[in-house]
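Novice: Protein chains in written order, with the working numbering: chain A, 3 to 111; chain B, 78 to 189.
Glycine included, each C-beta is placed from N, C-alpha and C at the ideal position.
Just so it is clear, the structure is predicted and the values come from calculations on it, not from any experiment.
Questions regarding the structure given below will be posed in turn.
Structure (structure tokens):
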């Protein structure tokens, strides 16, 4: 079954609203990473966060290993935040990195 | 800044033809990966490598081969391309100690 599940699958916000994206995993974790992808574009790393909380501008990532989840919080969303957000984890200590199916975010002006 | 470059960026192939997608990294990372991305499936791991001379099967290896002749280069080979292999392919390199990945720009493959 799917080892990395992201929710919601899609999200529409008005500019200025906040968003909380979730990534839940059913396998042991060695690393957790969040990526942003523009439509048709490459992937840009937002956070490498295997545990704890990290901040970058309007973005916050929190990974709680015991609860097998990681979240990405976007505050005061902007239209330029629109795109797909993907989480990826390395299973155990295997060097095998797998992805969730992503959350497609649309921020309206 | 980590650098991963893929070629070709766009490719149109015929069914039954051979396709080779190339990836070069200048990060001196041991690990390299090939993924494909399709609507509704996200990124799925095809093959990966721990270093020169090694290749490992990912989650969807059928119909694909991989080659890692050097630390810098990792190729994905479709010996007999099929329309179901039409997709966008991404290569990545990674630091084994952390699992952090750096991606190329992607290669769009269309098999007619």
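Would you list the residues sitting across from residue 115 of chain B in a DSSP beta bridge?
Specialist: B:119, per the DSSP bridge assignment.
Novice: Which value, in whole angstroms, describes the spacing of the CA atoms of residue 102 of chain A and residue 88 of chain A?
Specialist: Going by the C-alpha atoms only, they are around 6 Å apart.
Novice: Count the C-beta pairs between the region 47-55 of chain A and the region 103-111 of chain B that are closer than 8 Å, then say yes if the count reaches three, no if not.
Specialist: Segments in contact, no.
Novice: Counting Cβ pairs closer than 8 Å, one from the region 82-95 of chain B and one from the region 68-83 of chain A, do we hit at least three?
Specialist: Short answer: they don't touch.
Novice: Just to confirm the assignment, what range does the beta strand (DSSP E) spanning residue 75 of chain A have?
Specialist: Note, residue 75 of chain A: beta strand (DSSP E), 71-76.
Novice: Counting only C-beta atoms, is residue 50 of chain A closer than 7 Å to chain B at any point?
Specialist: At least one chain B Cβ lies under 7 Å of residue 50 of chain A.
Novice: I need the DSSP call for residue 81 of chain A, collapsed to helix, strand or coil.
Specialist: Helix at residue 81 of chain A.
Novice: Residues of the region 35-47 of chain A in Cβ contact with chain B at a cutoff of 9 Å, in chain order, please.
Specialist: Hits within the stretch, in order: 35, 37, 39, 42, 43, 44, 45, 46, 47.
Novice: Tell me, please, whether the CB atom of residue 151 of chain B is closer than 7 Å to any CB atom in chain A?
Specialist: No - not a single Cβ of chain A is within 7 Å of the one on residue 151 of chain B.
Novice: Pull out every residue of the region 149-183 of chain B whose Cβ sits closer than 9 Å to any Cβ of chain A, in chain order.
Specialist: Listed in sequence order: 165, 167, 169, 171, 173, 175, 176, 177, 178, 179, 180, 181, 182, 183.
Novice: Using a Cβ-Cβ cut-off of 7 Å, state whether residue 87 of chain B counts as contacting chain A.
Specialist: No, no contact with chain A.
Novice: Identify which residue in A:34, A:44, A:8 has its Cα closest to the Cα of residue 23 of chain A.
Specialist: Answer by Cα proximity: A:8.
Novice: Any beta carbon of chain B sitting closer than 7 Å to that of residue 14 of chain A?
Specialist: Taking Cβ atoms only, chain B never reaches closer than 7 Å to residue 14 of chain A, which makes this a no.
Novice: Any beta-carbon of chain A closer than 7 Å to the one on residue 98 of chain B?
Specialist: No - not a single Cβ of chain A is within 7 Å of the one on residue 98 of chain B.
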